[in-house]
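Here is the structure we will look at.
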Amino acid sequence: MTGVEASGPQPVTGVRSTRQRAAIADALAGTDDFCSAQELHEILKGRGESIGLTTVYRNLQALSQAGQIDVLWDGSGETRYRHCSSGHHHHLVCRNCGTTVEVQADPVEKWAATIAAEHGFTDINHTVEVFGLCADCQGCRHN
1 MTGVEASGPQ PVTGVRSTRQ RAAIADALAG TDDFCSAQEL HEILKGRGES
51 IGLTTVYRNL QALSQAGQID VLWDGSGETR YRHCSSGHHH HLVCRNCGTT
101 VEVQADPVEK WAATIAAEHG FTDINHTVEV FGLCADCQGC RHN
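Under our numbering, the residue at position 105 of the sequence shown is numbered 105, and the numbers go up by one with no gaps.
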């Protein structure tokens, strides 16, 4: 893939689009898994991009604030990023290899609304990430 595809990540509204931001968006669109800023920086350097780690962090922050990428805190203190589909969804994430699957979870939506209403909360939002072992990594443990 070269450049940002028309159906891929769009420029952040109100934020100047730069070559670096386009390269970051393109790299994120090219992977199905969440990756850290450091991993993304290595991918970009491997592609021949001249970009600093601070610039990667700054652009990830802008893309996140614009709602163009998802942010995941993986429990180890590492923040990970991924270009995801639009609309509300959740993730299944493999603790071993990082494989990520987007899922719709209507029971979670109903539960969140019910719990919020029971406690007098309105205008709610939530994130749900489910961590486990993918089928491939389960197979590795048995060998």
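Glycine included, each C-beta is placed from N, C-alpha and C at the ideal position.
By the CB criterion at 9 Å, E49 and A23 fall inside the cutoff. In this structure F131 is not in contact with V101, their Cβ atoms being roughly 12 Å apart against a cut-off of 8 Å. Residue burial annotation: R19 is exposed, with fewer than 16 other C-beta atoms found within 10 angstroms of its C-beta. Less than 9 Å divides the Cβ of T99 from the Cβ of D136. Between the alpha carbons of A112 and T122 lies a gap of roughly 11 Å. When the beta-carbon positions are compared, I43 and A62 stay at least 9 Å from each other.
For the alpha helix (DSSP H) assignment, the uninterrupted runs of no fewer than 4 residues enclosed by the segment 18 to 43 are, from N- to C-terminal side, 19 to 29.
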